[in-house]
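> Chains S and Z are the protein sequences, given in the same order.
Quick note on numbering: my numbering labels position 198 of the first sequence as 198, and the sequence is numbered without any gaps.
Quick note on numbering: my numbering labels position 133 of the second sequence as 133, and the sequence is numbered without any gaps.
Note that the Cβ used here is the ideal one computed from N, Cα and C, for glycine as well.
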Amino acid sequence: MTQDACIRVERAGKRLGGKEVLRDITLHVPRSEIFGLLGPSGAGKTTLVKMIAGIDEADYGEVYVKNQKMPRLDVMSNIGYMAQSDALYGELTGYENLDFFASLYGLKGGTKKRRIMEAAKLVNLSADLKKQVLHYSGGMKRRLSLAVALLHQPEILILDEPTVGIDPVLRQSIWRELERLSGQGITVLVTTHVMDEAEKCHKLALIREGSLIAVGSPESLKKETNAQTIEEAFLLYGGARA
Amino acid sequence: MRVQALIVRIWRQFIHDKRTLALMIVAPVVILYMMSLVFNGEEYKPDIGAVNVPAPLVHKLEQYGATVVEYSPEDAEKALEDARIDAIISFDGVIPHVKLEGSDPSVNKSVLLLLQKLLQDMNPAADALKSSISYLHGSEQMAAFDNFGPVLIGYFAFFFVFLISGVAFLRERTGGTLERLLATPLRRWEIVIGYVLGFGLFTMIQAGIIAWFAIDILDMIMEGSFGYVLLVTLLLALTALTLGTFLSAYANNEFQMIQFIPLVIVPQIFFSGLFNMDTMAEWLRWLGAVMPLTYGADALRDVMIRGKGWADIAPDIYALAGFSAFFAAANVLALRKHRKI
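1. Do the CB positions of F271 (chain Z) and A334 (chain Z) come within less than 8 Å of each other?
2. Going along chain Z in order, which residues have a C-beta closer than 7 Å to the C-beta of A214 (chain S)?
3. The beta strand (DSSP E) with F275 (chain Z) in it runs from where to where?
4. Determine the chain Z residues that contact S85 (chain S) at a beta-carbon separation under 7 Å, and present them in chain order.
5. Using only alpha-carbon positions, find the residue among Z:L300, Z:K308 and Z:T239 that is nearest to G322 (chain Z).
6. My output table needs one value for I25 (chain S): the three-state DSSP class, helix, strand or coil.
7. Check whether the Cβ atoms of V107 (chain Z) and Y44 (chain Z) lie closer than 8 Å to each other.
8. Comparing the C-beta of R241 (chain S) with each C-beta of chain Z, is any distance below 8 Å?
9. Tell me where the beta strand (DSSP E) around I158 (chain S) begins and ends.
10. Are V29 (chain S) and A5 (chain S) touching if we call contact CB-CB under 8 Å?
11. For A82 (chain S), report the span of its beta strand (DSSP E) as first-last.
12. Under 7 Å Cβ-Cβ, which residues of chain Z neighbour F100 (chain S)?
13. Helix, strand or coil for K200 (chain S), going by three-state DSSP, please let me know.
14. Hey, how far is the Cα of T20 (chain Z) from the Cα of L88 (chain S)?
15. Chain Z partners of E219 (chain S), CB-CB under 9 Å?
16. Kindly list, in the order they appear in chain Z, the residues whose Cβ is closer than 7 Å to that of K96 (chain S).
17. So is Y136 (chain S) in contact with chain Z if we call contact Cβ pairs under 8 Å?
18. Identify, in the order they occur along the chain, each residue of the same chain with its Cβ nearer than 6 Å to the Cβ of M231 (chain S), setting aside the five sequence neighbours on each side.
19. For the alpha helix (DSSP H) containing V332 (chain Z), name the first residue and the last one.
20. With 16 other CB atoms within 10 Å as the buried threshold, where does Q4 (chain Z) fall?
21. For Y195 (chain Z), I'd like the list of residues in its chain whose CB is within less than 6 Å of its CB, leaving aside the five on either flank, ordered along the chain.
22. Could you tell me whether the Cβ of T2 (chain S) comes closer than 8 Å to any Cβ of chain Z?
23. With DSSP as the reference, identify every bridge partner of R96 (chain Z), one or two as the case may be.
24. Would you mind reading off the limits of the beta strand (DSSP E) that contains D47 (chain Z)?
25. Going by DSSP in three states, L221 (chain S) sits in which element: helix, strand or coil?
26. Note down, in chain order, each residue of its chain lying with its Cβ closer than 7 Å to the Cβ of G138 (chain S), except the 5 sequence neighbours on either side.
Put into C-alpha cells, the structure is as follows:
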C-alpha cells in the first residue's frame, strides 16, 4: 500500500444506466509520473478520469487525490482537467476563454495575463487569441482546451485524449512539455487509444470493458507478454493468447 | 471572485452575440408597437342598410358615424347575406325592426350601441333620467390597449428572458462547458448567482427600454411612478430567468426547451388578468395563484392604470421575489445531478 501515491483509486466501481462501466478498479499513481490509461473507446477511461477529477463519484470504493477523499473542492483547484469534448465558449475569443477559466482559478491582474500568454505560447496559439473560438479548427480547439488545463499551474494534470486532431509536430512538442512538467514534479494522468503515444508514458494501465487488465511500464508489459508492441501486449492481456 | 468571472463572461458572450441581444430588446418593442396599432384603431363604424327608415332618423344614424344605405327589403336581405352591411333597420309602421349579420360579436355590440343612442333620442323622457357618469380610474378615452398594455409589458419581458436564459444555460449543459465548470472549484450556487447577476444587467436594460417605449412612445396610460414599473418588470424578468435556467435541467436539447413554451408561457397569459378571472370556474382560479405573471400583471396594472404606490404592490413584489428565490434554489439542487458538492 503506497500511502504517498498522488492518486489512489481503491476498489472503485460504477454503474451507469444499469450497465457496469467500471469494475473493482485499484490504481496507484505516484507523484511526478506520466501515467497512461490505454483502452478502446467505451472501456470506461473517461468515467474513471472524471471520478479522479471530482466531477463523478464512484458507486463503491474510494478515490483519493493527495490523500484527500474525492470529491473535494480545495483539491480540485489543484487539478488541471482537459475534457474529451472541447468545453469552450464559441462566441468568445481564445483570450476571453482563457481569461474566464483563469479567473475561476483565482488568477488576477498581471499574473493572470502572464499565465495566459505562457499557456497560449505553449500550445502555439499566441497569434490566434483574438479570434472567436467558433472559427477555430478542431485541432486549435483541442490545443486551447489543453492551455485551459495548464493555466493555473496545477500539481496534477488530467488529460482525456489530449492529442486527438493535433498534427504530429505539435503532438511531439506537447509530449515534450508533459515530460518537462513531470520533471518539475507534476503528476500527469492521460488517456489515449493511440498505441505509439502509450509508449511515451512512464507507466500504463490497460483497461478493457470496465476492468483493469494490466498495469506496468511499457517495457515490462511487452516483456511479460513477449510482445513486440504495446498493441500486441494489449491483445495478449485481453485474452487473445488463449 | 469567481462569480464576477462568470458575470464578465456572460456579458462578453452577449456583446459577441448581437442578434440575441437584439431579440431581447428589439423584439418586445416591435411586438408592443404592432399590438398598439391593432388595438388602438378608431372605433368601428357600422354599415347599416335602411328599409323604410324615416329621413330624420337616417340623418341621426349618420350623425352617430354609421354609413347608411337605403335599400328595398329584398336588396337589403341580399346585401346582408353578402356581408356588405352589418345590419338592416326596417320600419314597419312605428316599430323598428333590426336584423344583424351577427358573425362578429364586436360588430354586433357597436350596432346595438348605435341603436341604443338612437332610441334614447327618440324618447325625450329618457334624457331626464340620464345619469351623470364619472371614473375612479381611467377615463372615457381609455382604449382596450391601455387596459391590457401593462400585462403585455410584463408578458414580453417574461417570455424573451425565459427563452434566452433557458437556452443559454442548456447550451452550457449540452456543450460540455457545465461539466468543465464543475471540474473547477466553482460552487453550484456560484453558477446560479453568476447567471442571475450576469443576465440581470441585460434584463434591466430590457425592462427599462420596454417600459419607456410603452409609456413615452406608445403613450400608454401611466398614472403611477415609472420606478415601480421598472421594479416590477425587472422582478418578472428575474423570475423568468431563474425559471428558465431551472427548467433547462429537464430539457436535453434546444427543441425540448422550446416545448416548455406552450406548457409554461402560454397558459400564463390566460391567468394573468388579460381575461376576466371572475367568470372562470372556481377550481381553475388557483392555477393563477401559482403563476408569476399573475402577480406581475396585477402590480403593473395597479401602478399604471390606478396610480397606486408601494403599499398596494408590495404583496406582488414579495411574491415575485419569492418565486425567483425558489427557482434559483431549485436550480442549485438540480445541479446536484452533475456534481454532488
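Taking the geometry as given:
1. For the purposes of this step, residue 271 (chain Z) is identified with residue 271 of the second sequence, where counting begins at 1. For the purposes of this step, residue 334 (chain Z) is identified with residue 334 of the second sequence, where counting begins at 1. Not in contact: F271 (chain Z) and A334 (chain Z) (Cβ atoms no closer than 8 Å).
2. Along the first sequence, read from residue 1 onward, the residue named residue 214 (chain S) stands at position 214. Under the 7 Å cutoff, chain Z gives no residues; its nearest Cβ is about 28 Å from A214 (chain S).
3. Along the second sequence, read from residue 1 onward, the residue named residue 275 (chain Z) stands at position 275. Where F275 (chain Z) is concerned, there is no enclosing beta strand (DSSP E), because DSSP gives it neither an H nor an E.
4. Within the first sequence, residue 85 (chain S) is the residue found at index 85, counting from 1. Ordered by position in chain Z, the residues that pass the 7 Å Cβ test against S85 (chain S) are G176.
5. Counting from 1 along the second sequence, the entry for residue 322 (chain Z) is found at position 322. Per the C-alpha coordinates, the member of Z:L300, Z:K308 and Z:T239 positioned closest to G322 (chain Z) is Z:T239.
6. Here residue 25 (chain S) refers to the residue found at position 25 of the first sequence. Secondary structure of I25 (chain S) (DSSP, three-state): strand.
7. Taking the first residue of the second sequence as 1, we reach residue 107 (chain Z) at position 107. Taking the first residue of the second sequence as 1, we reach residue 44 (chain Z) at position 44. In contact: V107 (chain Z) and Y44 (chain Z) (Cβ atoms closer than 8 Å).
8. Translated into positions along the first sequence, residue 241 (chain S) becomes position 241. With a pLDDT of 47 at R241 (chain S), under the threshold of 50, the modelled position of this residue cannot be trusted, and the question is left open.
9. Counted from its first residue, the first sequence places residue 158 (chain S) at position 158. Looking at the DSSP string, the run of the beta strand (DSSP E) that includes I158 (chain S) is I156 to D160.
10. Counting from one through the first sequence, the residue named residue 29 (chain S) turns up at place 29. Counting from one through the first sequence, the residue named residue 5 (chain S) turns up at place 5. Taking 8 Å as the Cβ cut-off, V29 (chain S) and A5 (chain S) qualify as a contacting pair.
11. In the first sequence, residue 82 (chain S) corresponds to position 82, counting from 1. Checking the sequence shown, residue 82 (chain S) turns out to be Met, not Ala. I79 to M82 is the span of the beta strand (DSSP E), which, as asked, contains M82 (chain S).
12. Start at 1 with the first residue of the first sequence, and residue 100 (chain S) comes out as number 100. Within chain Z, the residues near F100 (chain S) are A5 and R9.
13. Mapped onto the first sequence, residue 200 (chain S) falls at position 200. Coil at K200 (chain S), not helix or strand.
14. Taking the second sequence and counting its residues from 1, the one referred to as residue 20 (chain Z) is at position 20. Taking the first sequence and counting its residues from 1, the one referred to as residue 88 (chain S) is at position 88. For T20 (chain Z) and L88 (chain S), the distance between alpha carbons rounds to 19 Å.
15. The residue given as residue 219 (chain S) occupies position 219 in the first sequence. Within 9 Å Cβ-Cβ: nothing; E219 (chain S) doesn't reach chain Z, min ~33 Å.
16. By one-based count along the first sequence, residue 96 (chain S) stands at place 96. It should be pointed out that residue 96 (chain S) corresponds to Glu in this sequence rather than to Lys. Here the neighbours are R12.
17. Sequence index remark: in the first sequence, residue 136 (chain S) carries index 136 (1-based). So no, Y136 (chain S) is outside the interface.
18. Against the first sequence, residue 231 (chain S) aligns to sequence position 231. Here the sequence assigns Glu to residue 231 (chain S), which means Met is not the residue at that position. Result list for E231 (chain S): M195, in chain order.
19. Looking up residue 332 (chain Z) in the second sequence gives position 332. For V332 (chain Z), the enclosing alpha helix (DSSP H) has its first and last residue at W310 to A334.
20. Taking the first residue of the second sequence as 1, we reach residue 4 (chain Z) at position 4. Label assigned to Q4 (chain Z): exposed.
21. By 1-based counting over the second sequence, the position of residue 195 (chain Z) is 195. Residues T245 of the same chain have their beta carbon placed closer than 6 Å to that of Y195 (chain Z), with the five preceding and five following residues left out of the count.
22. The residue labelled residue 2 (chain S) in the question sits at position 2 within the first sequence. Below a pLDDT of 50, predicted positions are generally treated as unreliable, and T2 (chain S), at 47, falls in that range; no measurement from the model is reported.
23. Mapped onto the second sequence, residue 96 (chain Z) falls at position 96. Rather than Arg, the amino acid found at residue 96 (chain Z) in this sequence is Pro. Paired residue(s): Z:F91.
24. Start at 1 with the first residue of the second sequence, and residue 47 (chain Z) comes out as number 47. Counting along the chain, the beta strand (DSSP E) containing D47 (chain Z) begins and ends at D47 to V51.
25. Position 221 of the first sequence, counting from 1, holds the residue named residue 221 (chain S). Looking at L221 (chain S) - three-state DSSP - the assignment turns out to be helix.
26. Taking the first sequence and counting its residues from 1, the one referred to as residue 138 (chain S) is at position 138. Excluding positions up to five away in sequence, the list reads G165.
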